[in-house]
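**Q** Once you've had a glance at the structure underneath, I'll fire off some questions.
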Amino acid sequence: MKKPDRQKMTFRIHAHLARQLSERARSRRVSQTEVLEAALASMLTPDQEERVEAALTKRLDRISRQLERLEWHVELSNEAFAIFVRFWLTSNAPLPDEAMRAAQATGKKRYQAFVESLARRMEAGPKLREEMEG
């Protein structure tokens, strides 16, 4: 029976890689040479590059879809905010100086209530996004 052609090679690898190689060979009950040959064959196989490219393409497509959804939500937020500001500015006349302090105190309380309500909604929901999509 003819032995497969083999060529002796000498390599220097980092100590941590040598430990991993030894552990992998021991756990699989094969020689270190067999582990190295399998790793090299996997790395040098043209299909490996195609698999890596396909995996990267899939991930990039997923990220692109996520960015498109994010863009839509940012645009929605910007439009809603712009409509609110326009409505508020056209509906509310400036206050006289004597009423300004009372309005600021009331505004501070109302703002604090708004922030607390926003925090509760962000934690528990329902989210505006869910209302818009569903």
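Take any residue in the sequence shown, count from 1 to its spot, add 3: that is its number in our numbering. We treat Cβ as the ideally placed atom computed from N, Cα and C, and that holds for glycine.
Please state whether DSSP places Thr13 in a helix, a strand or coil.
**A** To locate residue 13, count along the sequence shown from 1; it is residue 10. If DSSP states are grouped into helix, strand and coil, Thr13 belongs with coil.
**Q** Do the CB positions of Val1 and Leu24 come within less than 8 angstroms of each other?
**A** No information on residue 1 is available, as it lies outside the stretch 4 to 137 that the chain covers here.
**Q** Work out the CA separation of Glu26 and Gln115 for me, nearest whole Å.
**A** Residue 115 sits at position 112 when you count from the first residue of the sequence shown. Residue 26 sits at position 23 when you count from the first residue of the sequence shown. Each residue's alpha carbon lies about 59 angstroms from the other.
**Q** Going along the chain, which unbroken runs of the alpha helix (DSSP H) with 4 or more residues stay wholly within the stretch 82–126?
**A** none
**Q** Measuring CB to CB, does Leu63 end up less than 8 angstroms from Met135?
**A** The residue given as residue 63 occupies position 60 in the sequence shown. The residue given as residue 135 occupies position 132 in the sequence shown. No; because the gap between Cβ atoms is not below 8 angstroms, this pair is not in contact.
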